Structure formats: C-alpha cells, structure tokens
Amino acid sequence: MNDHPTRQRVWLITGSSRGLGAEVVAAALANGDAIVATARDARSVTRRFGSSESLLALDLDVRDEAAARRAVQDGIARFGRIDVVVNNAGYGILGAIEEASAEEVSAIFATNVFGLLNVTRAVLPRLREQRSGHIINISSVGGYQSGPGFGIYCSTKFAVEGLSEALHGELLPLGIKVTLLEPGHFRTDFLDTSSIIPSQSLIEDYAGTAGLAREMGISHNHKQSGDPKKLAQALLQLVTADKPPLRIQFGRDARRIVQAKNAFVEREQLQWQALATATDYL
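Residue numbers (the numbering used here): 1 to 282.
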C-alpha cells in the first residue's frame, strides 16, 4: 500500500473518463484524496489526468460482475481501503415506451441497474468489514419524476432509487451511509449521442410527446444551467457530513421539479381519499 501524508479518503468512481465522473475525480485528486477511477477504457482516464500515486485507473465494464470484484480487490491492494463509492456509470435512451425495443431496454438496465448492483455487491464486504463507508448512487431528477420520451431511462433510475432506499436501511446500522444524487440538467455530455441514445424506432403518433423530448435534447445540449464542477465540489462537502441525506437534489430546476411532484401527489391523494380508503376492513 502506498501512503500519502495528506490523503483524506479513498474513492471508487465508475464512469470516470468524462462528464460528472471525471469532474469528481479531478476535485477529489485536488483535495489530496486517492481515486480508483474506472472506465471501459482506463487509458482515457490516464490521458485526462496523467499518472499519479493517488490515481489507479482500471478497465471496468460494470456489466461484468467478476471484473467489478477485481476492480475492488485491486483498489484495496493499492490503497488499503475504500471510503466512498460513486456509482456513476450509465447512459440514457430517448424515445417513447412503445418505440423502445426489448434489446434496447435490456441493454440499458444491464448497465444502469445491474451494473450498479455488481459494483455495490463487490464493495460491500469490505465496507462491512470496515464498518464505514459512503455509497453515492447517481440517480437523476428523472428518478423522482418521469416524463414523455425519457420513460425507459427514468425507469432505470427509479430502480436505483428503490435499491438505494433499501440499502440505506440495511447499511445504516453497520456504519455505512447511502445517498442518492438527483441532479437536474448539468452542462456535461449527457445529451450527446455518446451518452443518450435515441431509440431506433420512430412512431409518428408520439411526435407531440416523445418527439418533443428528442428536439429538446438537441436544442439544450451544452446549454444546461448546472455547473458540473460546482457539483463535484458539493460532493466533496457531502461526504464530510456525519448524517448525509438519503436524497439530495442538485440544481434549482431539480428542486422545482421535486416540489411540484410532491404538491401534485398531495393534491391527488386528497382528491381521491374517500375511494382510496374505502377498501379497508371496518
């Protein structure tokens, strides 16, 4: 194990070569931390950040469970522990529910949900042994409210939300923290076709719903209001909290969306309260 006098934490970050993952790597390195930075091609991480005793760049396709276990083992062999896990790897699909093929749906769940599970299961034995650690699952405001054109992508994030809620309850007594990040629109490459893929099928009847979402994706690309560098700095603050939140929305847009949904749900509950409670035994 290599020691570093100013090192504070050891991070394991998936999807580290670009976007939010890369910004978190940069911020944590500048903070004196050690990083196990994974990507499908680790050379892309090294090209961006260079070589450093504090950086271990590893090839990892999160869909490969055995590879996830090896990445965790390599990280522990290098740095001795893992303190923060950022499950960031993932991508989107844009299109109406009916337009998405079974193959497209299976592929995105394999990365966004099963890949996150692979990494989480791989690291949990070590975190339980340490009785410490913080798992940060990158969800989305789309994991709280879905919408036309984003249903398949959002369904993966809804799954991540359910898994994370359960993990939070299971791990808190063991000294391990779990936080869901629900960012709004941040100025990364997420709306590029390298990160969000239009469904191959197009159905004209959805032009006014999912079709508008496709147009929005093109027109808003690299014009989003959120600053990913500021989000990375906020994440550094988050991991210092003794009692971090289960959920945190980043960006004013995300907060507005969540507040509006909460208000909608409350109004609907009140409107349908009599019928909804009429099913109980008296």
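All residues carry an ideal CB built from backbone N, CA and C; glycine is no exception.
These numbers come from a predicted model, not from an experiment.
Could you tell me which residues DSSP pairs with residue i in its beta bridges?
i           : result
residue 134 : 84, 177
residue 249 : 182
residue 52  : 55
residue 197 : 93
How would you write the range of the beta strand (DSSP E) that residue i sits in, first residue to last?
i           : result
residue 36  : 34 to 39
residue 228 : Taken as a continuous stretch (DSSP letters only), residue 228 belongs to no beta strand (DSSP E), being part of the alpha helix (DSSP H) at 228 to 238.
residue 57  : 55 to 59
residue 282 : Per DSSP, residue 282 belongs to no beta strand (DSSP E) and is neither H nor E.
residue 12  : 10 to 13
Between which two residues does the alpha helix (DSSP H) holding residue i run?
i           : result
residue 271 : 252 to 271
residue 141 : Counting along the chain, residue 141 falls outside any alpha helix (DSSP H), and DSSP gives it neither H nor E.
residue 20  : 19 to 30
residue 69  : 65 to 79
residue 156 : 151 to 171
Beta-carbon within less than 7 Å of residue i's beta-carbon, same chain only, minus the 5 sequence neighbours each way: which residues are those?
i           : result
residue 203 : 96, 98, 99
residue 302 : Nothing about residue 302 can be reported from this structure: the residues present for the chain run from 1 to 282 only.
residue 168 : 178, 246
residue 61  : 40, 67
Could you pull out every residue in the same chain whose Cβ sits closer than 6 Å to the Cβ of residue i, ignoring the five residues on either side in sequence?
i           : result
residue 84  : 9, 11, 134, 239
residue 165 : none
residue 36  : 12, 56, 75
residue 162 : none
residue 257 : 141, 145
residue 153 : 92, 93
residue 261 : 145
residue 78  : 56
Below 8 Å CB to CB, which residues in the same chain sit around residue i once its five sequence neighbours on both sides are set aside?
i           : result
residue 20  : 88, 138, 183, 186, 188, 228, 231, 232
residue 214 : 94, 95, 149, 198
residue 81  : 10, 126, 130
residue 250 : 181, 182, 183, 184, 186, 226, 231, 234
residue 269 : 276
residue 212 : 148, 149
residue 143 : 154, 157, 158, 160, 161, 180, 182
Pick out the complete alpha helix (DSSP H) segments inside the region 91 to 130, 4 residues or longer, and give them in chain order. 102 to 109, 116 to 130
Quick check: the region 96 to 114 against the region 41 to 55, are there 3 or more CB pairs under 8 Å? no
Taking one C-beta from the region 67 to 74 and one from the region 119 to 129 each time, how about it: are there three or more such pairs within less than 8 Å? yes
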